[in-house]
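Structure, as structure tokens:
In this note's numbering, the protein residues as written are 2 to 276.
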């Protein structure tokens, strides 16, 4: 094989390695992959990068960024084989975009604060993507986004048209109103066991979750991150409670209703604690 082994490699080496793996005499697995077949790998590697960030682990982050970079190079190589574009085209495009969207750095536009930067960025993005209405900006949000991330973006973009609430107190009152409506509906149908209210509850819960995204926007909270961290804390508190119960020679699912309620309150109390 015409390949030079080194102690340290750079991006050009990675591009060449992927090209070799995809070649006729390369790896039987790599050379038959398509965008569709490795689509989930791209998503998984992105989440693993996020885990490296959450763990505050430079070692893990370094490794996972490499795995994510491999996915980008791999997808670019597939397109290169179709004569559509090469990896350097990807790099060139993002460089041009960064220059275009930072006129306060590479041009004469003034932007003294982060908010001014974001306002300029949004205006330029709207113009370059030919988004002529606020609806266009909402519809441009990818359908593949996780629901909470999409909800956050919808609320942020709708707020630019003045549609959303102006302060957290108003948003919380609107959320409380929707929660009360759901509670009333659930109480009214407490004896309904045929499941014909599922569609209604789903619709009502959807509105509640979107209003939670609106509260998060006003409080400058990331909904996806908030739920992720709360889920992690809940899991840790759950394990702690279960281990204590097991240490007393008892089983969690054999506790009385009152005992279970106490355990549940402890778990949620620990989950809500500021770490």
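Just so you know, even glycine gets a beta-carbon here, dropped at the ideal spot from N, CA and C.
Quantities reported herein were computed from a predicted structural model and do not represent experimental measurements.
{"Check": "Minimum length 4: unbroken alpha helix (DSSP H) runs contained in the region 123-180", "Outcome": "135-140 and 148-160"}
{"Check": "Cβ-Cβ separation, residue 154 to residue 142 (assumed contact under 8 Å), whole Å", "Outcome": "5 Å"}
{"Check": "Whole-angstrom C-beta distance between residue 263 and residue 281, which should lie under 8 Å", "Outcome": "Given that the chain is displayed from residue 2 to residue 276, the structure contains no residue 281 and the question cannot be resolved."}
{"Check": "Alpha helix (DSSP H) runs wholly inside the region 25-111, at least 4 long, in chain order", "Outcome": "40-55, 59-82, 88-101 and 104-107"}
{"Check": "Three CB pairs or more closer than 8 Å across the region 9-16 and the region 74-91", "Outcome": "yes"}
{"Check": "Through-space distance from residue 21 to residue 4, alpha-carbon basis", "Outcome": "9 Å"}
{"Check": "Closest by C-alpha distance to residue 169, when choosing among 204, 216, 157 and 186", "Outcome": "216"}
{"Check": "Coarse secondary structure for residue 248, derived from DSSP in three states", "Outcome": "helix"}
{"Check": "Selection from 156, 186 and 61 that minimises the alpha carbon distance to residue 221", "Outcome": "156"}
{"Check": "Rounded C-alpha distance that separates residue 139 from residue 162", "Outcome": "11 Å"}
{"Check": "DSSP state of residue 118 mapped onto helix, strand, coil", "Outcome": "helix"}
{"Check": "8 Å Cβ cutoff met for residue 208 and residue 179", "Outcome": "yes"}
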